[in-house]
Amino acid sequence: MRFPVSYKDFSLPKFIHYTSCFLSMMKEILFVTLFYYPGSEAFLDPDITWPTRSKTRNDMPNLMAVLTREVLPVVKYSELVNVNQPESCAVCLYEFSDSDEIRRLTNCRHIFHRKCVDSWMDHEHKTCPLCRTPFISYDMQEAFNERLWTASGISDFY
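Using full-length UniProt numbering, read the sequence shown as starting at 1 and increasing by one per residue.
This is how it looks when you write it as structure tokens:
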């Protein structure tokens, strides 16, 4: 006794499959034409308040990034006194101007534009973009973890 490999005489499942694929494609086309093209608001009922787009994961900074930003100092480029400072940001490759806000990393002493390193942190990176040294030094890690647990509400479990 062998198991059948295919059902050539029975074509209903293929028909159902092709029909469902076609209906799904038509639904997507209808949805795109009604909701994504300009002027589509005229088709919607004005009395209904439609919810705004919820924030995605990339729109909301994670808690660790927020706490790391609090630890790392922000200074103006003109306030840095070290002669050996780089002239450009390693993330965006733009040169620093005297009025730029700079975030100086405490472990490796590298400097970046504040927005560049903040967006780096928003993507859940915990290390320097240049040398991969952790943002938080090992001697500060315990205190940082306690702040993180307290802010997230996990401290009750530890």
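We put the beta carbon where it would ideally sit given N, CA and C, even for glycine.
Only a predicted model underlies this, so the values are computations on that prediction, with no experimental measurement involved.
Closest Cα partner of residue i within the set the options
i	options	result
M64	F31, Y18, Q85, E124	E124
L80	R104, R114, F135, A90	R104
L148	S24, L93, R69	R69
M140	E87, S20, N107, E28	N107
E146	L67, D122, V32, M26	L67
W120	F31, L30, N62, A151	N62
Proximity below 7 Å, CB of residue i to CB of residue j
i	j	result
R109	E101	no
C89	C116	yes
P129	V74	no
Whole-angstrom distance between residue j and residue i, CA atom to CA atom
i	j	result
D118	F112	9 Å
K126	Y138	13 Å
F96	E87	6 Å
Y77	M25	54 Å
F15	L93	56 Å
V32	S152	38 Å
K27	D122	35 Å
Coarse secondary structure for residue i, derived from DSSP in three states
i	result
T68	helix
I16	helix
K76	strand
F96	coil
I102	strand
T127	strand
I136	coil
Contact belief for residue i with residue j at Cβ below 8 Å, rounded distance in angstroms
i	j	result
F135	L72	7 Å
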